[in-house]
Amino acid sequence: MSDDLREETTLTMVEAINRTLAAEMERDERVLVFGEDVAVSGGVFRATEGLLEQFGEERVVDMPLAEAAILGAAAGLAAGGMVPVPEIQFLGFSYQAMHQLAGQIARFRYRSWGRFSMGITIRAPFGGGVRTPELHSDSLEGQLTNMAGLKVVVPATAADAKGLLTEAIRDPDPVVFLEPLRGYRGVKGPVPNAEHRVPFGQARWAVPGDDVTIITWSHQVHVATRASRRLAEQGISVGVLDLRSLVPLDTAGIVDAVERTGRVVIVEEAVPTSGFAAEVIATITEHAFYSLEAPPVRVSGFDAPYPVGLLEDTYVPDVRRIESAVLRLVEVAP
Amino acid sequence: MALDLDNDDLVGMLCEMIKARISSNRLWSLQRQGRIGTIAPIDGQEATTVGATWALDPSLDWVLPQYREPMALGRYGSEILHRFAAWAIGHPQGGHIPEPLRVFPPQISLATQILHGVGLAWAMKLRREPGVVLTFFGDGSSSEGDFYEAGNLAGVLEVPVILLCVNNQWAISTPTGKQTASSGFATKADAFGIPGVTVDGNDPLAVYEVVTAARARALAGKGATLIEAVTYRLGAHTTADDPTRYAPEDELAAAKERDPIDVFRRQLEDRGIWDRSMQADAEEAGRRAIDDAWNWASNLPLQQVELLDHVFATPTPRQRAQRAELDTFLRSDS
């Protein structure tokens, strides 16, 4: 049976992204995919494989190796009426384009007081666990959320990768679409064949639970889910809330989750100081303080740069660290 | 002078140069009176801006200015000066150049606009739109990575863009000799595989001629041109700068002898198409233009809660909440 006769197809995350890019390029001829090695080689993770053959070299473009040029040109393309979908090969490389991202793309609508829309979807793989060289695994999502004017989207599942990427490409504002390195082939799941849109700012329960809530995003949703299974065997019911997007943030969903359990663990891969988990805790403190039965706990990376391979399994939160945090949290008396 | 300019054009160019100088002086005074923020005078660079824009078709061609040029973009409509006055006051409407005017807001982050220009020209090429993009930047900006990334990308993509380096000899206090060991700025085009041309930036007709040629080349599908217009900054970098600390007096005196407005006026007098009464009329028109712009800008309404507008096409729930909270505070505080 061909794909389109079924309602869903089981895909890896990278397959879901690839098919979504193709579908959006098919739908809207203004959509343009470009970046380093995206055309002939199909991207270092093959996320753009086959697009060159299907849509031609005007719309699928191998760029000179210059991240600022990729994003600066994207701003001009958007101003000129195109729908750019640039790829930054690894999120850590975006440091070399930060002035275009934070200084220009994020504020172009604002500084032109509504004249110029920056409907740009910036795709970038991020996150650790696959033994990359330096600067290939950094989790910079917290920094990105501190740049007013960017939307930051962090899918965890293949279906959400499709639904959120579709939404991103159709959004009139800049979206940084972060794809977990480990999820590209490590995450597989049913993806609707028909058009599938997931609105931003709507968190999702990956696992329901009554005793403790883990709030997280992107690949850590799966790690937290494994931790919740182990804790369930010990009689502790742990829910996992997948934020899906950090800007906009589902404040109501977070408040609801806190009210449900009173005990919260926030899991992120990033440097903890001023990381996004801190923003989640601030949100809880402002809006759900009296529902807390214990102080919120963070399980993060460390206040150290993302390390080399032999240290990364310790740096990146894993099942054991999450489990340990939950066990300590349930011991706190209300 | 084998140019396709008639006497009306020549007179129009001089009028625009005079208007720019008067506007620049007026804005300087307004800053000294504490009525506007920091402003960068255009004194000395009028011939470059006016000569370049006279070579463009405002209905087809885009201009991406830095922060001085908007004073001399009258060819694109009196609205530009209105908006620039608002920009100088610090009104957000100042950054909004309305449709259909093909002018970007003033750029502060040096050289970023060159990449926007390349991207915009790329969009025009993809959409088969006639027209070119002209980006202004300075000798100092040519040291930025974005200049090299943009020149390189423009060469690779063969897009209809004109990179116009306004060499006014100074980047605030840093002379060109400390910006580059190169024999000039146009020669950097060799690295991009595009033509590089040096022109007397104090001669509006010479600038007109090279921009006309670059435009014809771009429209013929032959791609980008780098132009270095050699001029001299007769005033301070900005109202916050004191050039007596670094600019040699004799050098400045010599540059004033070559003031582009005086030189061009004498040329037109020699041709018998300019006289004292026209000079008086031009000065009166210049004063009226900046008066009109100032009156328009000074009377623009503004509410403080608007500071949350135009970040995104649709505000996030957080932004809506912040706006409501700010509104309540401002009402209670008044």
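Protein sequences appear in the order of chains V and E. Reading the first sequence from the start, the letters are residues 0 to 333 in numbering that gives the first Met the number 0. Reading the second sequence from the start, the letters are residues 0 to 333 in numbering that gives the first Met the number 0. For glycine and all other residues, C-beta sits at the position ideal for the given N, C-alpha and C.
- DSSP places residue 177/E in the helix class (H, G or I) of the three-state scheme.
- Taking 8 Å as the CB threshold, residue 24/V stays off the interface with chain E.
- Taking residue 130/E as reference, the option from 156/E, 106/E, 101/E with the minimal CA-CA separation is 101/E.
- Spatial neighbours of residue 277/E in its own chain (CB-CB distance under 8 Å, excluding positions within 5 residues in sequence) are listed in chain order as 10.
- Against residue 145/E, the close residues of chain V are 67, 71, in the order they occur along the chain (beta-carbon pairs closer than 7 Å).
- In terms of CA proximity to residue 238/V, 203/V leads the group 203/V, 331/V, 79/V, 40/V.
- As summarised for the region 41–76 of chain E, the continuous alpha helix (DSSP H) elements at least 4 residues long and confined to that stretch are 45–53, given in chain order.
- Contact check for residue 161/E and residue 213/E: beta-carbon distance about 5 Å, within the 8 Å limit, so the pair qualifies.
- Scanning the region 265–324 of chain V for uninterrupted alpha helix (DSSP H) segments of 4 residues or longer gives 275–287, 308–314, listed from N- to C-terminal end.
- Contacts with chain E at 8 Å (Cβ-Cβ) do not include residue 141/V.
- Taken through DSSP and simplified to helix, strand or coil, residue 244/V comes out as strand.
- According to DSSP, residue 220/V shares a beta bridge with no other residue.
- Counting only residues of its own chain and dropping the five nearest sequence neighbours on each side, residue 268/V has a CB closer than 7 Å to the CB of 126, 127, 138, 219, 300, 315, 316.
- Under the three-state reduction of DSSP, residue 167/V is assigned to helix.
- Contact check for residue 321/V against residue 279/V fails: the beta carbons are separated by 8 Å or more.
- Looking at the DSSP output, residue 187/V sits in a beta bridge with 11/V.
- For the 8 Å CB-CB criterion, residue 90/V and residue 123/V form a contact.
- Annotation: Cβ neighbours of residue 116/V in chain E (cutoff 7 Å, chain order): 312.
- Distance check between residue 45/E and each of 185/E, 128/E, 257/E places 257/E closest, using alpha-carbon atoms only.
- Residue contact with chain V for residue 95/E: present (Cβ-Cβ distance below 8 Å to some residue of chain V).
- Nearest CB-CB separation between residue 323/V and chain E: not below the 8 Å threshold.
- If one requires a minimum length of 4 residues, the alpha helix (DSSP H) runs lying completely within the region 154–225 of chain E are 175–178, 188–191, 203–218, in chain order.
- The beta carbons of residue 78/V and residue 115/E sit about 7 Å from each other, so the pair counts as a contact at 8 Å.
- Between residue 245/V and residue 151/V, the gap from beta carbon to beta carbon is short of 8 Å.
- Put simply, of 229/E, 47/E, 73/E the residue whose alpha carbon is nearest the alpha carbon of residue 288/E is 73/E.
- If you draw a straight line from the Cα of residue 58/V to the Cα of residue 35/E, it is about 45 Å long.
- In the DSSP assignment, residue 121/V falls within the beta strand (DSSP E) that extends over 120–125.
- By the neighbour-count definition (other C-beta atoms within 10 Å, threshold 16), residue 107/E is an exposed residue.
- Residue 84/V and residue 54/V have their alpha carbons spaced roughly 14 Å apart.
- Nearest CB-CB separation between residue 92/E and chain V: below the 8 Å threshold.
- Distance from residue 135/E to residue 65/E at the Cβ level is roughly 5 Å; contact confirmed, criterion being Cβ atoms closer than 8 Å.
- The Cβ neighbour count for residue 171/E, taken over all protein chains shown within 10 Å, is under 16; the residue is labelled exposed.
- At least one C-beta of chain V is nearer than 8 Å to the C-beta of residue 122/E.
- The three-state secondary structure of residue 205/V, taken from DSSP, is strand.
- Along the region 295–320 of chain E, going in chain order, the ones with a CB nearer than 7 Å to a CB of chain V are 309, 310, 311, 312, 315, 316, 317.
- As the crow flies, the alpha-carbon of residue 111/V is around 17 Å from that of residue 113/E.
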